[in-house]
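Below is one structure, written out as structure tokens; comments come after it.
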Amino acid sequence: MIKRLILTALCLTGLALPVIAQSFDRVVQAEVLPGWQEKDGSRIAAIRITLNPGWKTYWRAPGDAGIPPSFDWTGSSNVQSVGVTWPTPEVFSQNGMRSIGYKEELILPVHITPKKDGKQVRFKAVMDIGVCRDICVPQRLKVSAKFPKDTGKRDPIIAAAIASRPLTKSEAGVKKASCRISTSADGLMVTARLHLPSTGGDEIAVIETDNPLVWVSEAKTHREGGVLVAKSELMHVNGDSFMVNRSTLRFTVLGKRHAVDIQGCSAG
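Count the sequence shown with mature numbering (1 follows the signal peptide of the UniProt record, and there is no 0) and you get residues -21 to -1, 1 to 247, in order.
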């Protein structure tokens, strides 16, 4: 746990893009797929991260054995906001520790809203990620691209990555999500009761907060019929006191058939 807290504290940082790309000893490379323009003037593009065989990188919540990714878009011009769509990740187990991420390639769709319609967008970013095989190495990738002014054709690679995202509550048939928050020796304990049909196989639940300085333990899960129960401990990496807003908690259930993304929970 101490090792995980140190990694979390050290790895709070940035993002990535192409045309100009940087790699770590040729283990990882990044580029921007220009994608297409939507009717409202926003753009759907993607960052493609390619790793050598046997290497992997991590999901936004990487697990106890992973390094959390971070993004920085501040070098961009004519960009109001950037939204990231995470494809459903895989779960890895190594030396008794669990990590969550992607093997050898990650197509990461980004939804870019310009500040001014009709003006060219320059997308420039820095991404701090972890790349791992036998060892894990933090790596910073820098990429940039100018998007064409034409609308462009819908890219099936990006579309497939968007389609592979976890299902929403309504898509997955989630009836209710409640959670009980109690104190623990070192922080808080969250016990969630997620009323949803089975996602298949051994289900893994991941609990996230909106505070990057709060470490969340690997959730312990079990089924009670139509309810998946998930329990995690929350601790501040600096040992400070903190509060949890139920509406900002995020629960991802990873099953054999599909994954589900649940935003917020009620008291219970």
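Cβ coordinates follow ideal geometry from the N, Cα and C atoms, glycine included.
Keep in mind it's a predicted model, so treat the numbers as computed, not measured.
- Using a C-beta cut-off of 8 angstroms, the segment 38 to 50 makes no contact with the segment 159 to 174, since fewer than three inter-stretch Cβ pairs fall below that distance.
- In the DSSP assignment, residue 59 forms no beta bridge with any residue.
- Annotated three-state conformation of residue 133 is coil, per DSSP.
- Rounded to whole angstroms, the Cβ separation of residue 173 and residue 207 is 5 angstroms, and the two are in contact under 8 angstroms.
- Counting of Cβ neighbours within 10 angstroms places residue 222 among the exposed residues, the total staying below 16.
- The beta carbons of residue 226 and residue 169 sit about 13 angstroms from each other, so the pair does not count as a contact at 8 angstroms.
- Leaving aside the five residues that flank residue 73 on each side, the residues in its chain whose CB is nearer than 7 angstroms to its CB run, in chain order, 44.
- In the DSSP assignment, residue 149 falls outside any beta strand (DSSP E) and within the unbroken alpha helix (DSSP H) covering 148 to 151.
- Contact between residue 112 and residue 33 holds: CB atoms are separated by about 5 angstroms, below the 8 angstroms threshold.
- Residue 202: member of the beta strand (DSSP E) spanning 199 to 203, first to last residue.
- The residue among 57, 229, 202, 69 with its C-alpha nearest the C-alpha of residue 91 is 57.
- Under the criterion of beta carbons closer than 8 angstroms, residue 234 and residue 182 qualify as touching, at roughly 5 angstroms.
- A check of alpha carbon separations from residue 60 across 21, 228, 217 identifies 21 as the nearest.
- A direct Cα-Cα distance of roughly 15 angstroms separates residue 138 from residue 11.
- For residue 41 and residue 71, the gap between their C-alpha atoms comes out near 10 angstroms.
- Judged by beta-carbon spacing, residue 146 lies within the 8 angstroms limit of residue 238, meaning their Cβ atoms are closer than that value.
- Nearest Cα to residue 38 within the set 14, 63, 79: 79.
- Judged by DSSP in its simplified three-state form, residue 119 adopts strand.
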